[in-house]
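Residue numbers (UniProt numbering), protein chains in the order written: chain A, 1 to 388; chain B, 1 to 388; chain C, 1 to 388; chain D, 1 to 388. Glycine included, every Cβ here is placed at the ideal spot set by N, Cα and C. As the structure is a prediction and not an experimental result, all values here were calculated from the model.
Protein chains: 4
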Amino acid sequence: MTGFDAIADQLAGQAIELPSWAFGNSGTRFKVFSQPGVPRTPEEKIADAAKVHELTGLSPTVALHIPWDKVEDYGKLAAFAADHGVALGTINSNTFQDDDYKFGSLAHFDRRVRDKAIAHMHECIEIMDATGSRDLKIWLADGTNYPGQGDIRSRQDWLADSLQQVYARIGDNQRLVLEYKFFEPSFYATDVPDWGTSYAHCVALGERAFVCLDTGHHAPGTNIEFIVAQLLRLGKLGSFDFNSRFYADDDLIVGAADPFQLFRILFEVIRGGGYGPESGVAFMLDQCHNVEEKIPGQIRSVLNVQEMTARALLVDTEALTQAQQAGDVLAANQIFMDAFYTDVRSDLADWRQSRGLPADPVAAYNASGYRDQIIAERIGGDQAGWGA
Amino acid sequence: MTGFDAIADQLAGQAIELPSWAFGNSGTRFKVFSQPGVPRTPEEKIADAAKVHELTGLSPTVALHIPWDKVEDYGKLAAFAADHGVALGTINSNTFQDDDYKFGSLAHFDRRVRDKAIAHMHECIEIMDATGSRDLKIWLADGTNYPGQGDIRSRQDWLADSLQQVYARIGDNQRLVLEYKFFEPSFYATDVPDWGTSYAHCVALGERAFVCLDTGHHAPGTNIEFIVAQLLRLGKLGSFDFNSRFYADDDLIVGAADPFQLFRILFEVIRGGGYGPESGVAFMLDQCHNVEEKIPGQIRSVLNVQEMTARALLVDTEALTQAQQAGDVLAANQIFMDAFYTDVRSDLADWRQSRGLPADPVAAYNASGYRDQIIAERIGGDQAGWGA
Amino acid sequence: MTGFDAIADQLAGQAIELPSWAFGNSGTRFKVFSQPGVPRTPEEKIADAAKVHELTGLSPTVALHIPWDKVEDYGKLAAFAADHGVALGTINSNTFQDDDYKFGSLAHFDRRVRDKAIAHMHECIEIMDATGSRDLKIWLADGTNYPGQGDIRSRQDWLADSLQQVYARIGDNQRLVLEYKFFEPSFYATDVPDWGTSYAHCVALGERAFVCLDTGHHAPGTNIEFIVAQLLRLGKLGSFDFNSRFYADDDLIVGAADPFQLFRILFEVIRGGGYGPESGVAFMLDQCHNVEEKIPGQIRSVLNVQEMTARALLVDTEALTQAQQAGDVLAANQIFMDAFYTDVRSDLADWRQSRGLPADPVAAYNASGYRDQIIAERIGGDQAGWGA
Amino acid sequence: MTGFDAIADQLAGQAIELPSWAFGNSGTRFKVFSQPGVPRTPEEKIADAAKVHELTGLSPTVALHIPWDKVEDYGKLAAFAADHGVALGTINSNTFQDDDYKFGSLAHFDRRVRDKAIAHMHECIEIMDATGSRDLKIWLADGTNYPGQGDIRSRQDWLADSLQQVYARIGDNQRLVLEYKFFEPSFYATDVPDWGTSYAHCVALGERAFVCLDTGHHAPGTNIEFIVAQLLRLGKLGSFDFNSRFYADDDLIVGAADPFQLFRILFEVIRGGGYGPESGVAFMLDQCHNVEEKIPGQIRSVLNVQEMTARALLVDTEALTQAQQAGDVLAANQIFMDAFYTDVRSDLADWRQSRGLPADPVAAYNASGYRDQIIAERIGGDQAGWGA
């Protein structure tokens with residue numbers, strides 16, 4: 001077997017978790033443009049996510065965001081998801097929208113606020129216990145806007161102490177995943193701004209603490225695939241938040257801004273043993289469909305990850321290694337690019353059909369009537385959004 | 001006269017326009033933290049701006065933002081301002097919050113939407129006629145988020161056509177000021193992304209069209225003082241939106257992130273003839289006080305501009321020119337830095353007192369009771385904000 | 001005709017000028033690694049460039065750099081080139097390596113140095129007269145390293161004056177092409193740092209002055225295809241220096257860092273009428289093959305331009321316009337990406353063979369024996385380089 | 001005691017190591033402009049460094065770079081230095097200028113090259129044994145220019161293995177200090193690109209391995225003082241290479257580009273216990289005086305560090321903590337800025353004179369006749385430089 005046939009099996013297990021909030025309204029500080037048919041409840045978000053999975057076979061789980069997705073009965077929600085063919089996944093905490101968190105949460109100077117944030121994390125872990133989720137994902141908006149506003153060093157110490165208290169409550173089969181972000185909403189110093197900081201905290205916490213890499217959370221020019229390789233080498237890459245960017249944390253459709261970068265990232269994932277369920281590396285999207293439709297936007301995103309995974313799997317690694325170790329720069333680069341430039345779309349369409357999936361999931365969505373149905377049904381109520 | 005005495009007179013005429021919206025709530029896409037005492041009406045914003053002017057003597061005018069500051073009777077609003085010791089200034093248009101503007105305004109592919117945006121600009125000019133404002137400031141959110149989404153070239157042509165129709169309505173004593181911005185809220189292509197684009201359009205429009213330079217709207221590393229020097233040389237620098245940034249368009253207090261950059265900018269303003277009322281270059285703030293108090297935040301901002309103006313005026317330009325033309329890099333740099341490092345704060349405090357102003361305007365504000373008063377009075381109603 | 005057949009004719013006229021200096025040694029300030037077989041004379045550089053053209057059919061002209069390529073008799077050099085199947089192209093001036101140019105050339109504070117630089121430009125034009133070259137390309141290293149070191153404004157005025165004197169000598173069928181660069185070797189203020197500055201000077205000079213866009217000379221995040229579209233719209237895009245970059249002016253093989261960006265640039269070139277000989281837009285490479293072989297590096301580069309041109313020509317512009325004007329973001333993006341993702345390599349190989357060119361020019365080079373030949377022949381003498 | 005008097009004692013112990021190579025010629029890939037009087041030998045470099053120390057009292061040690069500063073007898077060189085009032089300091093290795101290192105050194109794919117690089121490090125340690133130096137500083141140019149060129153992951157493993165072999169030879173009173181750099185001379189992937197990578201390797205090595213932070217080696221926008229605080233917290237900040245930058249690794253005079261950033265960095269150094277000899281954090285310069293004079297350039301640099309240290313020591317940390325913990329953003333920022341804006345130059349001049357140093361070291365240098373002397377004496381021979 002060569003070419004696509006040789007990699008087809010490796011594609012079978014791919015799973016890309018969808019974020020419930022990608023189906024709600026989102027925007028910028030200037031304007032959130034609402035869209036018709038947007039979900040109003042966690043159930044409706046799950047239904048939309050399930051539609052993506054139905055058409056692509058790629059997204060068997062849905063991440064929840066607490067409190068945006070709070071419900072009375074998580075067992076019931078899990079059953080609802082199962083009825084729709086998906087499962088509940090990562091629980092995402094939120095410590096950036098309560099007035100108390102204006103100056104931080106886990107890294108706040110005030111113990112009372114830190115305790116409140118810790119309690120929120122504990123609540124999230126209780127939800128995980130109920131939903132059977134493995135990962136608690138912590139992204140912190142903590143930081144300062146002005147030099148002198150906060151004590152950078154003390155905030156690290158407070159953060160470390162708070163994280164310890166959260167971690168203490170993590171179950172044996174659960175994980176704490178700590179995301180880093182270069183900036184925003186803090187505009188001077190962010191308390192977890194880079195992979196090094198997240199890594200140092202995770203090492204201090206223990207073996208069930210891991211780093212979350214959001215592909216949009218780096219300084220301009222950062223070589224993200226290097227970080228992937230490094231974290232895999234150090235055994236601390238927990239999960240991805242996939243999206244793409246031209247400028248800051250633009251949260252565009254993954255692969256939209258720089259498909260070749262996505263290819264390089266996925267190549268290092270595979271190279272470093274981060275591909276596949278047993279790797280422990282979770283793939284997830286984290287995007288904002290501000291001006292485009294949300295459901296087909298998510299479909300496009302998971303397809304982009306799949307297409308680039310296929311290309312990355314196609315790299316002739318044996319020939320590559322030979323060229324690399326011969327110091328043949330041009331040959332090595334060409335072998336690498338040959339895989340990137342290989343058009344796998346038609347093979348993937350066949351592959352999908354062979355598994356009972358539509359050859360073109362976007363076209364299938366457009367033909368499904370689902371759009372019209374949700375626009376008709378979801379009248380009244382409050383559309384989901386970030387509630388900023 | 002040497003030192004501060006020699007420059008005192010040049011400080012007398014300094015005027016820095018305040019944006020009405022700086023007194024309303026602002027934030028990020030993640031959260032807008034509201035503050036007690038925030039204005040609910042244009043009049044309350046003007047009252048707050050007037051307080052800044054009362055304490056600093058630096059901000060005799062207030063910019064309005066339409067429709068945020070729409071009122072029935074602009075004559076009455078102007079009179080209200082006059083009663084409070086200030087005047088109405090620049091009129092800022094808004095073509096980014098109506099649902100119709102999702103894909104642009106003056107550069108939209110649909111003539112109907114472009115016409116609507118043009119009509120809005122015309123309405124703003126009518127308001128300028130009523131208020132006696134000189135400048136119509138146009139900042140456009142126009143752009144696209146994805147490659148292929150729009151036709152970059154056609155959008156420029158549409159934009160040029162729309163701007164012509166707006167410019168045609170500009171009065172003889174009025175000016176059109178076109179702001180550029182590197183990115184946000186558009187995340188792939190912005191229709192007026194750089195000074196070159198704004199300049200090219202302004203040249204095409206005519207002699208009453210000018211470029212607005214917002215100090216936070218550039219790519220990382222951009223030498224802003226160079227742009228100042230270039231636009232002054234080309235006769236097209238219309239106005240400044242002052243603020244500061246570490247990352248993107250952070251909209252921090254001017255001078256907060258890089259005081260030396262502010263110094264260099266003001267030096268080039270003075271060097272190029274852009275300082276003082278007869279220069280036609282308008283100084284304005286455009287900031288977001290997300291986590292700090294708004295009124296003292298504006299006070300701090302205008303003081304920062306004043307302090308750096310004083311330092312920039314202190315440069316020994318004769319000695320500087322000699323060192324420059326001798327190729328003495330270190331001496332030229334030292335002469336330049338000597339002015340920057342000169343502590344003018346105490347001289348400025350004396351200067352303020354000699355003019356009946358408080359030596360320390362921030363302390364005076366804190367002692368004034370105004371904060372408690374507005375917190376007590378401004379109960380109920382809707383606090384002003386961006387309404388995103 | 002659809003697909004590749006429909007665009008084959010448009011590929012026929014493509015010409016990408018090679019820089020003579022790409023065949024010489026290059027490196028960084030840390031080290032220039034020499035390579036065996038590197039040319040020692042302008043003739044040997046031309047022979048190498050001719051080899052690239054022989055194998056690709058894409059590079060009929062060679063740009064010279066004065067004084068690096070100075071010879072006694074340019075007619076003889078042109079004849080030598082013609083004998084090898086290529087012609088002499090753009091003349092590149094050099095005003096950055098003489099000790100007199102330490103503080104600038106055309107923008108220097110000292111008239112004597114400016115006059116010397118102007119005289120050099122005039123000498124270059126004389127060479128153009130002799131070689132029949134159309135374009136004088138001016139890239140200036142002028143700028144300053146420290147705030148205060150130079151007078152930003154005066155330097156612009158001196159530059160404008162110098163350019164006028166150069167332009168006055170440009171023949172009726174010649175052009176002055178002014179390149180801009182964000183930074184390096186100047187580390188504070190560069191005298192022609194952006195397209196706006198180059199554009200403003202070119203407009204002031206006249207209709208035979210144009211902007212040169214080097215794809216590596218922008219701030220991080222800059223949307224280069226926007227600049228392409230804008231300069232074409234303004235009628236001032238004169239030429240390209242193609243290369244690619246991850247960080248600063250890395251001068252890597254074009255398309256190596258971000259193939260999708262190259263695709264977008266070429267799409268706007270075509271969209272804006274900048275493609276083809278009658279457009280007046282010259283394609284050129286400007287690269288440094290520091291660690292890879294130079295001749296196959298140049299082959300790879302011109303092939304990359306050709307491949308991305310083919311993809312860009314494949315965009316279904318009619319469908320794209322429809323989707324754009326329907327506000328269908330996802331459909332428009334997909335139409336755009338469909339062309340980018342189309343693998344044209346096999347069609348191009350056929351197309352080459354149909355024109356008597358090798359299907360795989362890199363493989364053909366490797367099989368040609370040329371490498372061994374030049375390594376054997378070019379013993380002794382001084383290898384060409386930048387002489388920094 | 002308040003104000004300057006209260007901090008005077010803390011300034012007494014400040015020591016900023018000078019790099020021998022700062023006195024040699026340097027430049028860019030475009031041109032190295034030589035200067036008259038530049039040293040030709042390690043002894044002449046040391047003499048120049050000693051002159052800086054004589055005039056400032058700030059630079060008691062000189063760092064050597066091997067092989068640039070190789071001598072027969074290091075004991076003799078140390079004695080020469082002692083005669084001139086300074087001592088030999090950090091030994092800097094060089095594994096980027098031998099042809100063997102074209103594709104890397106400690107991270108090279110070829111064991112032979114790695115062994116050669118390790119042997120060079122061992123040689124450097126032998127020199128340290130002879131000179132009594134404490135620190136071996138390792139900056140690696142290792143990396144790749146093209147995607148696919150090298151195996152990112154394997155290179156990390158090779159690097160780790162090589163570092164272990166170097167570390168094994170480090171004496172009980174010696175330290176290995178590993179520098180990171182964002183990019184250059186590698187333009188795609190750098191093997192030690194960020195503090196996290198250096199930190200992870202140092203932790204793996206052991207307690208005598210530390211990170212070196214060069215202030216010019218970060219991505220645009222990186223908050224360097226955060227890294228300082230973090231590395232101090234983790235106990236792994238070994239040393240600084242001070243310089244400044246507007247764009248890439250510009251290697252300008254420290255404090256020249258952003259004095260406020262230097263202030264913030266020094267504040268965090270002091271805050272985190274990194275100030276003073278017992279802290280183990282070494283201050284060093286690493287700069288290129290391309291267009292300015294080298295000796296006064298170094299004088300200016302150490303003075304800039306001293307001035308900003310004084311300002312940073314002046315921060316009223318008690319008041320700052322109160323304001324921070326009250327959530328008073330504006331007050332905290334003002335307290336911080338008050339120290340930055342305090343003009344300490346006249347106090348420092350007095351302080352220098354009280355210690356027998358010239359009030360104005362730059363003026364003293366200009367008056368000393370040393371410049372004329374070295375220009376007259378250093379005729380013939382090869383001026384020191386990087387030998388790129």
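Given residue i, which residues of its chain have a CB within under 6 Å of its CB, disregarding the five upstream and five downstream residues?
{"i": "L262 of chain C", "result": "G255, M308"}
{"i": "E43 of chain A", "result": "F80"}
{"i": "H289 of chain D", "result": "G297"}
Which same chain residues end up closer than 7 Å to residue i when comparing Cβ atoms and leaving out the 5 residues on each side of it in sequence?
{"i": "R311 of chain B", "result": "F263, A339, F340, T342, V344"}
{"i": "S34 of chain D", "result": "N25, Q383"}
{"i": "A6 of chain C", "result": "none"}
What first and last residue would you give for the beta strand (DSSP E) that runs through residue i?
{"i": "T317 of chain C", "result": "No beta strand (DSSP E) contains T317 of chain C, which is instead part of the alpha helix (DSSP H) from 317-325."}
{"i": "T90 of chain D", "result": "87-92"}
{"i": "P19 of chain D", "result": "16-19"}
When you compare only the Cα positions, how much space is there between residue i and residue j?
{"i": "E17 of chain A", "j": "L285 of chain A", "result": "6 Å"}
{"i": "F182 of chain A", "j": "T215 of chain A", "result": "11 Å"}
{"i": "D100 of chain C", "j": "V291 of chain D", "result": "12 Å"}
{"i": "R29 of chain C", "j": "T95 of chain D", "result": "14 Å"}
{"i": "G27 of chain D", "j": "G387 of chain D", "result": "11 Å"}
{"i": "L58 of chain A", "j": "A15 of chain A", "result": "5 Å"}
{"i": "R245 of chain A", "j": "D251 of chain A", "result": "6 Å"}
{"i": "K236 of chain B", "j": "A87 of chain C", "result": "43 Å"}
{"i": "R112 of chain C", "j": "A141 of chain D", "result": "41 Å"}
Just to confirm my understanding: we take residue i, look at its own chain, exclude 5 residues before and 5 after, and list those with CB closer than 8 Å. What are they?
{"i": "Y370 of chain C", "result": "K51, I295"}
{"i": "I233 of chain B", "result": "In the sequence under discussion, the amino acid at residue 233 of chain B is Arg, which differs from the Ile named in the question. G272."}
{"i": "Q174 of chain B", "result": "I125, M128, S133, R134, D135, L136, R208"}
Where do the N-terminal and C-terminal ends of the alpha helix (DSSP H) with residue i fall, by residue?
{"i": "T197 of chain A", "result": "195-205"}
{"i": "L266 of chain C", "result": "259-271"}
Tell me whether the beta-carbon of residue i lies closer than 8 Å to the beta-carbon of residue j.
{"i": "K137 of chain C", "j": "T90 of chain C", "result": "yes"}
{"i": "G274 of chain B", "j": "N333 of chain C", "result": "no"}
{"i": "residue 396 of chain C", "j": "T131 of chain C", "result": "The first residue shown for chain C is 1 and the last is 388, placing residue 396 of chain C beyond what the model contains."}
{"i": "A359 of chain B", "j": "A367 of chain B", "result": "no"}
{"i": "Q165 of chain D", "j": "I118 of chain D", "result": "yes"}
Note down, in chain order, all residues in the UniProt domain "Xylose isomerase-like TIM barrel" (74-228) of chain B with a beta-carbon under 8 Å from any beta-carbon belonging to chain D. P220, G221, N223
Worksheet item: Residues in the region 264-281 of chain C with C-beta within 7 Å of chain B's C-beta atoms, listed in sequence order?
Response: R264, E268, R271, G272
Output, in sequence order along the chain, the residues in the region 317-335 of chain A whose CB is closer than 8 Å to any CB in chain C. V329, L330, N333, Q334
- Task: Give, in chain order, every residue of the region 229-242 of chain C whose Cβ lies closer than 8 Å to some Cβ of chain B.
- Result: A229, Q230, L232, R233, L234
| What residues from the region 281-301 of chain D come within 7 Å of chain B, judged by C-beta to C-beta, listed N to C? | V291, E292, E293, P296, G297, R300
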